[in-house]
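Read through the structure below, which is laid out as structure tokens, and then see the notes.
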Amino acid sequence: MSLQVWVRRTRSPEPAAVKREVNVLEPADLLDVDAKDDPDASPVLCCSGEPTGAAAFGPLWLKRIAASGRCAAAVSVRGQGGTPAAPGGAEAYAHDVVQAAIGMPRQAVLIGHGTGAGWCALAAARYPAAALVLVAPRKLPKRLPRPVGEPPVMFAVTEAEAQSKEAQAVTAAYGISPLTFPGGADEVFKGQNAEGLLDAILSWLNRKED
Amino acid sequence: MSLQVWVRRTRSPEPAAVKREVNVLEPADLLDVDAKDDPDASPVLCCSGEPTGAAAFGPLWLKRIAASGRCAAAVSVRGQGGTPAAPGGAEAYAHDVVQAAIGMPRQAVLIGHGTGAGWCALAAARYPAAALVLVAPRKLPKRLPRPVGEPPVMFAVTEAEAQSKEAQAVTAAYGISPLTFPGGADEVFKGQNAEGLLDAILSWLNRKED
Amino acid sequence: MQEFSSQAAYDRGEAVCVIGAGASGLIAVKNLRENGFEVDCYERDTVLGGLWNPSNQHSPLYPNTHLVTSRSQTEIPDFPMPDHWPDYPSSAQMLEYLQSYASHFGLAEHIWYGSEISHIESVDGARFEVVVKPAAGSAARRLRYAAVIVATGHHWVPNLPSYPGQDLFRGTVLHSSQLGDGSRLRGKSVLVVGGGNSGVDIACEAAVSASRCAHSARRGYWYLPKYLGGEPSDYALARLHSRPKWMRRFLTDRLLKGPRRLAARMGMDEPDHAHTDEEPVRNGRYLEHVGDGSIERRPEIARFEGGEVVFVDGTEMRPDVVVLATGFRPKLACVPAELLGVDDDSPYPRLMARMFSPKAETLAVAGLVESGVGVLPIVHWQTHAISHWLTIRKGDPERAANFRQQVISESDQYAVSSSGISPRHRLAVDAQEYLAGLGRIIDTLEQEPVK
Amino acid sequence: MQEFSSQAAYDRGEAVCVIGAGASGLIAVKNLRENGFEVDCYERDTVLGGLWNPSNQHSPLYPNTHLVTSRSQTEIPDFPMPDHWPDYPSSAQMLEYLQSYASHFGLAEHIWYGSEISHIESVDGARFEVVVKPAAGSAARRLRYAAVIVATGHHWVPNLPSYPGQDLFRGTVLHSSQLGDGSRLRGKSVLVVGGGNSGVDIACEAAVSASRCAHSARRGYWYLPKYLGGEPSDYALARLHSRPKWMRRFLTDRLLKGPRRLAARMGMDEPDHAHTDEEPVRNGRYLEHVGDGSIERRPEIARFEGGEVVFVDGTEMRPDVVVLATGFRPKLACVPAELLGVDDDSPYPRLMARMFSPKAETLAVAGLVESGVGVLPIVHWQTHAISHWLTIRKGDPERAANFRQQVISESDQYAVSSSGISPRHRLAVDAQEYLAGLGRIIDTLEQEPVK
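Residue numbers (the numbering used here), protein chains in the order written: chain A, 176 to 385; chain B, 176 to 385; chain C, 32 to 482; chain D, 32 to 482.
Here it is, written out as structure tokens:
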């Protein structure tokens with residue numbers, strides 16, 4: 176975020192406040208898994224473009240992230256899941272992601288999926304995420320802003336979309352190449368492909384934080 | 176004062192407040208005269224159009240009124256004597272007279288002299304004076320308003336001015352004929368003519384209050 | 032007046048009985064006296080000034096009570112307040128003002144203190160018998176008057192809501208009139224109930240002195256700061272009435288745009304009544320306290336649960352003190368209900384032109400209105416009209432008939448709506464319209480009748 | 032870091048020393064860490080949060096302190112406050128916010144509590160030797176750093192006026208920072224001195240809780256309510272900066288017309304400075320309290336006479352308590368005066384671009400400004416610039432040269448005027464202009480230099 180961008184924002188109305196649904200799972204909450212709580216590991220905040228919001232990440236994501244020793248959370252932005260609708264558009268969704276992020280105990284990794292990837296990219300330009308992960312991004316903003324605090328950025332697309340316009344835009348903006356995963360973009364939430372993708376993300380995170 | 180006139184006044188700006196000079200002489204203050212303090216007699220408030228304001232009534236008036244058993248006072252309206260100037264015109268002068276009147280211990284007799292007679296006539300339309308006395312009135316307002324509370328009204332002019340336009344206006348407005356006194360209009364503050372005039376006013380007041 | 036045994040009814044001839052020596056009673060006495068009437072004014076307390084006198088044992092004053100209408104809109108028309116006083120005088124200044132009014136016009140000699148009226152009844156056609164119960168315990172006295180003016184006001188009987196579970200609540204529950212100097216709020220967790228002027232004023236007090244302050248308001252109110260555009264709000268709005276109607280609307284909207292947008296920002300409901308229907312709540316401090324979190328807005332109370340209060344939105348709090356700033360109920364106990372037009376449906380009097388008994392020509396009530404301007408000028412013009420009416424009905428039957436007709440036509444316009452949504456609301460009049468009606472009534476009394 | 036004997040200066044290499052763990056210090060630590068620097072932050076107290084922490088033994092908080100700038104203009108740009116917080120958070124919320132910022136970014140592990148810096152001095156060219164005096168009384172330690180950022184703020188040393196006769200005054204005289212919970216005002220006759228935010232806030236407190244409150248202000252101030260046109264005033268005014276200049280002026284005048292007329296009505300002097308020169312006093316409750324007489328305005332104090340205070344207009348009062356809300360003096364005792372550009376004429380630092388030492392490239396001061404927006408965002412951008420500067424001066428001499436030039440040119444624009452009329456005023460900057468300058472400095476640092 177440049178100073179000029181911030182000044183512009185302080186002169187625009189703030190999106191209406193909503194009571195946001197945030198699902199949280201701590202490693203200590205897992206009774207059936209022997210999770211090693213790693214207090215130095217950044218917590219993870221997930222956001223999807225799916226209408227169900229936080230619930231989209233289903234039983235797999237939060238549990239698997241928590242099992243890796245990280246605090247895991249997912250947020251429903253305005254209009255998604257249990258969060259009431261309120262006007263705003265992409266800027267307001269990004270605001271919701273930032274608001275959820277500041278509620279995390281430590282500097283958080285932002286994982287955005289689908290349309291949510293774009294919101295997380297906008298959020299990362301306002302909030303110094305520990306890392307930014309874009310999964311199967313859709314409808315990205317025209318100009319992807321530079322993230323603040325220079326976090327490591329990763330992005331993952333299906334093999335079929337590896338050359339899509341979105342993928343090219345992300346590559347151009349962050350100077351990184353995509354990690355591809357098998358299956359369709361809607362298979363990221365359950366099944367073996369999903370597990371493989373998630374493990375790839377978590378191991379990338381672990382490498383970045385060493 | 177009619178309700179309509181009052182409503183109009185509540186919708187107009189009030190004249191600026193000024194710290195008014197009011198000279199007061201109580202019968203009890205008189206050491207050299209054996210004044211009988213009459214608690215039932217209305218106090219008297221004098222106002223003159225002379226630039227010196229309260230001071231115009233000199234040593235004669237307040238002392239002679241107090242000697243008759245009445246609390247005597249004289250007010251300098253804005254711009255007169257020790258009262259600071261402030262914008263306003265006749266309405267504001269009348270306001271100053273009313274403000275001085277409400278500071279009197281009891282319902283007061285208003286005695287106006289010269290231009291001050293007009294201000295007292297205006298004041299008596301807002302404040303129920305115990306009586307209204309106009310002495311040698313000058314520059315009266317075009318329409319003399321009806322006094323509130325139907326106080327007795329008296330007016331006194333010099334013999335020379337008994338048929339003047341002012342005198343006719345007062346007669347028309349209040350249905351009373353003038354008391355005339357000898358000498359010039361500027362001789363009301365001292366000398367024998369002044370004493371005679373004042374005694375005539377005081378005896379009229381005594382008659383009215385019996 | 033002499034003392035009488037309880038059996039002998041003393042006939043006071045053409046004298047008028049005024050009940051109450053608060054602001055309304057004092058103004059009534061002064062205007063009746065000015066019109067040549069003998070007056071006996073009965074005051075149950077031992078002091079004058081009514082609700083403005085903290086020595087009055089029933090005083091409803093709460094800490095730091097100030098006028099909510101500005102000086103120029105509040106003072107008695109023919110006895111202005113000192114012009115060096117602030118725009119919104121304190122209750123102490125208001126008492127000083129009434130005391131000075133009383134002594135200026137020599138009213139005290141007509142007041143009988145410690146004398147409660149236990150009962151009045153019509154006798155001999157238009158006359159009244161009044162039963163006076165002295166506080167000292169001596170026998171009641173009976174007197175007859177040509178007319179009675181009830182000026183007891185309507186801030187004496189607390190309006191006390193009750194909520195499920197309230198009986199078992201462990202904290203303190205007080206009506207605003209029991210607050211005294213406010214020391215009971217200090218350092219406490221306070222819940223103030225009631226969105227009117229007293230609730231909002233007390234919430235502002237608690238915002239500063241309590242450890243926590245929540246404020247529960249049942250519905251939308253009109254919130255106005257005490258100043259608009261650099262002028263006292265009531266004056267600024269009243270002043271626009273001298274403009275043409277279309278312009279007035281535009282200018283009013285412009286003045287109110289800020290307060291309106293601010294109330295919306297604070298998440299307050301739109302009021303469920305137009306802004307002229309009811310006095311707005313006048314306190315600019317309130318919305319700043321809400322804006323800095325020192326007052327937490329809450330909706331209506333749903334129930335009490337042990338030490339908790341549960342609101343209709345499901346939120347809870349555990350207050351030490353609950354202040355019910357829920358207003359007062361008008362109660363004119365000494366007057367037979369049928370003379371006031373009170374029927375079974377509503378305890379609220381249905382008076383002609385909001386002052387005359389619909390049944391008895393010489394019974395009137397002064398000051399039983401809530402309007403956008405101070406009640407003192409309204410009482411002044413009411414008692415001005417009543418005094419003139421009492422003069423005229425004796426000697427000029429034709430003018431008296433015209434007058435009755437005018438009163439009836441004005442009354443239709445101001446029929447008390449039974450849909451009133453709060454006690455206060457049921458006494459509400461639009462000041463501008465009510466005063467215009469009063470003006471027409473007075474004109475009918477004072478001018479030669481049109482043949 | 033290990034413990035060292037007082038003689039051995041431990042060299043911390045490229046690490047940066049931050050003095051103070053208040054809001055400014057925390058932001059400095061976070062931005063330095065984000066740019067890869069090792070940081071040691073020294074805090075003389077045992078808690079973080081600086082002036083916002085009431086446990087801080089030098090806390091200047093007075094009763095019910097709230098922000099005077101609104102949330103959106105006050106929060107740290109990359110760590111917003113929770114959006115359900117009120118527009119003007121309380122000091123308790125501000126502390127909670129800073130604590131959450133510190134834990135979110137893991138800042139606590141870089142803070143050394145109970146460690147006062149007794150002295151710093153230039154060594155080895157651009158490096159600094161820092162002498163740390165532990166509170167526990169153990170021997171002082173000496174360390175060397177690549178750079179020092181002073182973030183001690185300027186609300187610690189009370190600015191105490193003295194008046195003739197004050198020594199013999201029989202009542203209590205307190206500085207605002209000594210007020211604590213405000214119980215010393217209750218029921219007392221209180222005189223509050225000082226027309227700035229603290230004076231006005233404390234006068235409002237006393238208006239409610241004291242028996243009498245007079246407020247003496249030496250000169251005209253800009254009084255703004257906390258809301259204008261339904262929006263927080265600072266936001267409402269800042270927003271106009273996105274409009275064309277001629278329109279901005281028109282719209283600004285329209286927004287400010289009401290407050291201006293109201294101040295004039297209250298008989299307040301026109302401020303002797305343009306409204307952009309200094310933060311306005313932001314409190315809409317104040318003028319309502321003046322308007323209802325619960326705050327009596329007084330001019331400057333002329334002298335004390337026994338139990339009396341005499342004002343320059345000749346009026347007098349006999350206060351029980353005099354509260355001097357006369358602000359603070361900036362004092363950077365540990366830094367040699369010449370490094371701050373302090374000369375004999377004025378105790379006020381003359382820093383380049385209000386943050387860089389005019390003498391030493393790697394010494395900077397964060398947060399030594401007063402502006403219309405909150406100081407947190409300004410410190411954020413200052414320390415953002417300082418961090419980038421420290422990175423660049425090591426590896427990119429050309430860009431560093433451009434940067435110095437830019438800083439010098441911005442500094443000319445913001446030369447500290449010695450005509451400042453109050454301590455606060457002397458630190459005043461126009462937020463919009465200062466931020467624009469900061470933006471140009473940051474651009475110079477971050478963009479490729481123009482050849």
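Don't be surprised by glycine CBs; every beta carbon is placed ideally from N, CA and C. Quantities reported herein were computed from a predicted structural model and do not represent experimental measurements.
Quick check: the Cα distance between D:Pro189 and D:Thr357, rounded to an integer number of angstroms?
C-alpha separation (whole angstroms): 8 Å.
So B:Phe349 contacts chain C; which residues on that side make the cut at Cβ distance below 9 Å?
First, the amino acid is wrong: residue 349 of chain B is Tyr here, not Phe. Going along chain C, no residue has its Cβ under 9 Å from B:Tyr349, so there is no contact; the nearest lies around 17 Å.
Whose C-beta lies closer than 6 Å to the C-beta of D:Ile326 among residues of the same chain, with five residues either side of it excluded?
Ala234, Ala238, Cys244, His246, His320
Given this structure, state the Cα-to-Cα distance separating B:Phe364 from B:Trp236, to the nearest angstrom.
7 Å
With the cut-off set at 8 Å, would you say D:Ile417 and D:Ile180 are in Cβ contact?
yes
Quick one: is A:Gln179 near chain D, going by C-beta distance under 8 Å?
yes
Quick one: grab the DSSP three-state call for C:Arg250.
coil
Taking Cβ positions only, does C:Gly451 come closer than 8 Å to chain B?
Any answer about C:Gly451 is weak, because its pLDDT of 42 lies below 50 and its placement is not dependable; what the coordinates show is given next. Chain B contact via Cβ: absent.
How would you call D:Trp253, buried or exposed, if buried means at least 16 neighbouring beta carbons within 10 angstroms?
buried
Looking at the unbroken alpha helix (DSSP H) that takes in A:Pro234, where does it start and where does it end?
233–242
Going along chain C in order, which residues have a C-beta closer than 9 Å to the C-beta of B:Arg281?
Ser134, His135, Phe136, Gly137
Give the DSSP-derived three-state secondary structure of D:Arg158 in the structure shown.
strand
Check the Cβ-Cβ distances between C:Tyr258 and every residue of chain D, and say whether any is below 8 Å.
yes
Give the residues of chain C in contact with B:Gly324, contact being defined as C-beta atoms less than 8 Å apart.
Scanning chain C for C-beta atoms nearer than 8 Å to the C-beta of B:Gly324 yields Glu65, Asp109, reported in chain order.
Would you mind working out which of C:Met299, C:Leu268, C:Ala269 sits nearest C:Arg249, comparing C-alpha positions?
C:Met299
Please confirm if the segment 257–271 of chain A is in contact with the segment 118–130 of chain D, defined as three or more CB-CB distances below 8 Å between the two stretches.
no
Leaving aside the five residues before and after C:Phe110 along the sequence, list all residues of the same chain whose C-beta is less than 6 Å from its C-beta, in chain order.
Tyr132
Answer with yes or no whether the minimum CB distance from B:Ala192 to chain C is below 8 Å.
Output row for B:Ala192: interface = yes.
For C:Gly196, which residues from the same chain have a beta carbon less than 7 Å from its beta carbon, with the 5 sequence-adjacent residues on both sides left out?
Arg334, Phe335, Glu336
Apart from the five residues on each side of it in sequence, which residues of its chain come closer than 7 Å, Cβ to Cβ, to C:Leu271?
Arg279, Leu282, Thr283
Just mark B:Asp212 as buried or exposed, buried being the case when its beta carbon has 16 or more other beta carbons within 10 Å.
exposed
A:Tyr302 versus chain D: which residues are under 9 Å apart at the beta carbon?
Asp109, Phe110, Pro111
Report the residues of the segment 265–290 of chain A with a CB closer than 8 Å to any CB of chain D, ordered along the chain.
Contacts with chain D (Cβ-Cβ distance below 8 Å) from the segment 265–290 of chain A involve His270, Val273, Gln274, Ile277, Gly278, Met279, Pro280, Arg281, Gln282, listed in chain order.
Taking only beta-carbon positions, decide if A:Arg239 is within less than 8 Å of chain D.
Chain D contact via Cβ: absent.
Measuring only the C-alpha atoms, how far is C:Glu53 from B:Leu319?
Glu is not the amino acid found at residue 53 of chain C; the sequence shown has Gly there. When only Cα atoms are considered, C:Gly53 and B:Leu319 end up about 35 Å apart.
Please report the straight-line C-alpha distance between C:Phe68 and C:Gly202, rounded to a whole angstrom.
53 Å
Can you tell me the Cα-Cα spacing of C:Phe200 and C:Ser214, whole angstroms?
Cα to Cα, the separation comes out at about 21 Å.
Excluding five sequence neighbours on each side, which residues of the same chain lie with their C-beta closer than 8 Å to the C-beta of C:Arg415?
One point to set straight first is that residue 415 of chain C is His, not Arg, in the sequence displayed. Annotation for C:His415: Asn62, Ile473 place their beta carbon closer than 8 Å to its own, counting only its chain and skipping 5 residues before and after.
Contact criterion: CB-CB distance below 8 Å. Does D:Asp155 meet it with respect to chain A?
no
Cα-Cα, which of A:Asp209, A:Arg245, A:Ala296, A:Gly254 is closest to A:Leu380?
A:Arg245
My output table needs one value for A:Ile351: the three-state DSSP class, helix, strand or coil.
A:Ile351 falls in the coil class under three-state DSSP.
So which residues on chain D does C:Glu236 lean against when the C-beta distance must stay under 8 Å?
Near C:Glu236 (Cβ distances below 8 Å), the residues of chain D are Val239.
List, in chain order, every chain D residue whose beta-carbon is nearer than 9 Å to that of A:Glu341.
Near A:Glu341 there are no residues of chain D at all, since even the closest Cβ is about 26 Å away, more than 9 Å.
Taking the alpha helix (DSSP H) that D:Phe281 belongs to, which residues open and close that run?
276–296
Please work out which residues of its chain come closer than 6 Å, Cβ to Cβ, to A:Ser339, disregarding the five sequence neighbours upstream and downstream, and give them in chain order.
The beta carbon of A:Ser339 sits closer than 6 Å to no other beta carbon from its chain once the five residues preceding and following it are set aside.
I'd like to know whether the C-beta of D:Leu92 is nearer than 8 Å to at least one C-beta of chain C.
Residue contact with chain C for D:Leu92: absent (no Cβ-Cβ distance below 8 Å to any residue of chain C).
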